[in-house]
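Novice: Input: one structure, supplied below.
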Amino acid sequence: MKDERKIDLIKDHFDLEITDNIELFNAMDCSIYSESTADGYDVFIVTSDPTSVSVCEDVYYYDHDIGNAFRDQIRWGDTKFYIDDYIYEDCFIEDQLLEMFEEYVHDIDSKKFTEEERNYVKENYAREDEEYIKAN
Numbered sequence: 016m017k018d019e020r021k022i023d024l025i026k027d028h029f030d031l032e033i034t035d036n037i038e039l040f041n042a043m044d045c046s047i048y049s050e051s052t053a054d055g056y057d058v059f060i061v062t063s064d065p066t067s068v069s070v071c072e073d074v075y076y077y078d079h080d081i082g083n084a085f086r087d088q089i090r091w092g093d094t095k096f097y098i099d100d101y102i103y104e105d106c107f108i109e110d111q112l113l114e115m116f117e118e119y120v121h122d123i124d125s126k127k128f129t130e131e132e133r134n135y136v137k138e139n140y141a142r143e144d145e146e147y148i149k150a151n
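The structure is reproduced here in structure tokens:
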């Protein structure tokens, strides 16, 4: 199964919408972007309220923390994300989505998979339920 398909399935499972369209910045549940500090350092913001950023809770110094923050926001119920295009790439958001597919593959409605994909899940994720494999 291709990574793009896994990402589509996990986004569908959690009803995720991810955009880098700046016009939708304030319409999202969560915004992930960077800002520069007064003394020239870049920091990363992951916030549900871009009009009231909490330095203690929403600001990250290291980009490697952004993926986990993204997943936390999903666990807390956020489904609509604005993510700066370069942050999406540099912080490996697709890798997070692929890890989530691995973690939640058995929770995805089997009817969303093709027969070939259901067999792939059976073989690669130890899903032995025949009803699952034959779902239409």
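Per this note's numbering, residue 16 is the first one in the sequence shown, and the count goes up by one each step.
Yeah, the Cβ is synthetic: ideal placement off N, Cα and C, and Gly gets one too.
1) Measuring only the C-alpha atoms, how far is L112 from I47?
2) Y135 and E117: beta carbons closer than 9 Å?
3) Measure the C-alpha to C-alpha separation of S67 and L31 and round it to an integer number of angstroms.
4) Got a sec, what are the start and stop residues for the alpha helix (DSSP H) K127 sits in?
5) Have a look at N36 and D73 and give me their C-alpha separation to the nearest angstrom.
6) List the whole-angstrom C-beta distance separating I60 from F85, where the pair is believed to meet the contact cut-off of C-beta under 8 Å.
7) Identify whether D44 lies in helix, strand or coil by the three-state DSSP scheme.
8) Give the straight-line distance between the Cα atoms of Y97 and D110, rounded to the nearest whole angstrom.
9) Looking at the structure shown, is Y135 part of a helix, part of a strand, or coil, going by DSSP?
Specialist: Let me lay it out:
1) 15 Å
2) no
3) 23 Å
4) Note, K127: premise wrong, no alpha helix (DSSP H); not H, not E.
5) 21 Å
6) In fact, because the Cβ distance is near 12 Å, the residues do not count as touching under 8 Å.
7) coil
8) 17 Å
9) helix
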